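Just below is one structure, and these are the notes that go with it.
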Amino acid sequence: MKKINDYIHLMRPHQYVKNGFVWLPLFFGYQLQNHQAILNTFFTFLIFCIAASNIYVFNDIKDVNEDRQHPVKRFRPVASGNIKKKEAWTFFCVLFVLTLSLGLFLLPLTIISILAGYLVLNIFYTNGLKHIAIIDIVCIATGFVLRVIAGGKAASVQISPWIVIMTFLLALFLALAKRRDDLLLSDKGHNTRKSLDGYNLEFVSQAMGVMASVIIVSYILYTVSPEIIAKHGTQRLYLTSFWVIVGLLRYMQLTFVEIRSGSPTLILLKDLVLQGVVLLWLLSLYLLLYHPFQF
1141 MKKINDYIHL MRPHQYVKNG FVWLPLFFGY QLQNHQAILN TFFTFLIFCI AASNIYVFND
1201 IKDVNEDRQH PVKRFRPVAS GNIKKKEAWT FFCVLFVLTL SLGLFLLPLT IISILAGYLV
1261 LNIFYTNGLK HIAIIDIVCI ATGFVLRVIA GGKAASVQIS PWIVIMTFLL ALFLALAKRR
1321 DDLLLSDKGH NTRKSLDGYN LEFVSQAMGV MASVIIVSYI LYTVSPEIIA KHGTQRLYLT
1381 SFWVIVGLLR YMQLTFVEIR SGSPTLILLK DLVLQGVVLL WLLSLYLLLY HPFQF
């Protein structure tokens, strides 16, 4: 039983929250009652989750020595020795075959090509790009954009440039917060990653402030854009800006005051304030987009 738990831990299922971006085009494209679009998006979400686990296994194998020097990552199954490298490689191959098999069986070629791009990007990221400052966070942000594009293809929805831009900016913001946590660990004597040579606390903190400001301005411009108002038939989307501002402020509070920005996914899963803000943002958007006359 413990071995099974180790393999589950190796897959990092809590990180599947990131693949929720696949569902955005379905939501904003008014496809919530389109059963085929929902099914296609679910298949895309499922296979992206397996692909993500595939990458996490590969990452843990490649970074085993660095992880053993990290105060938290040293407890990962491969770094701790609970799963041997040979066993991890076998598991990687199984997940890789499963990803390709399910992808070819359930997804159209357009989404498979996006999935392939996601896998290639992350393999290059793990093999070297993660050690180059700025390039590392750009790779992370690009991975989020690929999820959104795949979701658009699955739901047969044309992707808005606004969603692409704001997804990219938000992912950069979260990646910078993660780098800030890495820098704090480095100051305590933990050698976490080579790319930190290109960062310092002042740069990362200011960059987070810039990203947060640009996200807020971009979101407000999106909500008051004549094109978006005409598309959605409501002038009240700007009301949802409140939740975006509060959410970013809460995340910055967690980062700068409470000093816990190590894992954006775990923060979202554990912080009730952030969960409440995200749910209220989605609820207000749902009411405005799907029931504009009742809101």
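Per my numbering, the sequence shown starts with residue 1141, numbered consecutively.
The beta carbon of each residue, even a glycine, is placed where N, CA and C say it ideally should be.
All of these numbers come straight from a predicted model, not from anything done at the bench.
Nearest-angstrom Cα distance between residue i and residue j?
i            : j            : result
residue 1272 : residue 1348 : 18 Å
residue 1386 : residue 1380 : 10 Å
residue 1388 : residue 1251 : 31 Å
residue 1407 : residue 1172 : 28 Å
residue 1419 : residue 1425 : 10 Å
residue 1260 : residue 1194 : 12 Å
residue 1429 : residue 1423 : 10 Å
residue 1292 : residue 1224 : 39 Å
residue 1436 : residue 1390 : No answer is possible for residue 1436: it lies beyond the span of the chain, which begins at 1141 and ends at 1435.
residue 1144 : residue 1152 : 13 Å
residue 1229 : residue 1365 : 50 Å
residue 1165 : residue 1303 : 9 Å
residue 1281 : residue 1357 : 19 Å
residue 1421 : residue 1300 : 19 Å
residue 1248 : residue 1262 : 21 Å
residue 1221 : residue 1215 : 9 Å
residue 1190 : residue 1378 : 36 Å
residue 1383 : residue 1227 : 45 Å
residue 1192 : residue 1395 : 25 Å
residue 1266 : residue 1200 : 9 Å
residue 1342 : residue 1274 : 15 Å
residue 1460 : residue 1179 : A question about residue 1460 goes unanswered here, because the residues of the chain that appear run from 1141 up to 1435.
residue 1350 : residue 1175 : 40 Å
residue 1219 : residue 1277 : 24 Å
residue 1437 : residue 1177 : In the structure as shown, the chain starts at 1141 and stops at 1435, and residue 1437 therefore has no counterpart that could be examined.
residue 1239 : residue 1147 : 17 Å
Determine, using beta carbons only, whether residue i and residue j come nearer to each other than 8 Å.
i            : j            : result
residue 1402 : residue 1157 : no
residue 1257 : residue 1187 : no
residue 1340 : residue 1323 : yes
residue 1181 : residue 1317 : no
residue 1197 : residue 1232 : yes
residue 1314 : residue 1404 : yes
residue 1246 : residue 1183 : yes
residue 1154 : residue 1217 : no
residue 1370 : residue 1162 : no
residue 1352 : residue 1306 : no
I think residue i touches residue j, with their Cβ atoms under 8 Å apart; what is that distance to the nearest whole Å?
i            : j            : result
residue 1376 : residue 1344 : So it is not a contact: roughly 36 Å between Cβ atoms.
residue 1286 : residue 1279 : Actually they do not touch by this definition, with Cβ atoms about 11 Å apart.
residue 1354 : residue 1412 : About 27 Å separates the two Cβ atoms, so there is no contact after all.
residue 1362 : residue 1368 : 6 Å
Does residue i pass the burial test, meaning 16 or more other C-beta atoms within 10 Å, or should it be called exposed?
i            : result
residue 1160 : exposed
residue 1297 : buried
residue 1169 : buried
residue 1283 : buried
residue 1264 : exposed
residue 1312 : buried
residue 1237 : exposed
residue 1409 : exposed
residue 1288 : buried
residue 1417 : buried
residue 1254 : buried
Could you give the DSSP three-state label for residue i: helix, strand or coil?
i            : result
residue 1149 : helix
residue 1193 : helix
residue 1432 : coil
residue 1427 : helix
residue 1398 : coil
residue 1204 : helix
residue 1180 : helix
residue 1297 : coil
residue 1160 : helix
residue 1221 : coil
residue 1374 : coil
residue 1199 : helix
residue 1212 : coil
residue 1340 : coil
residue 1267 : helix
residue 1155 : helix
residue 1362 : helix
residue 1368 : helix
residue 1243 : helix
residue 1310 : helix
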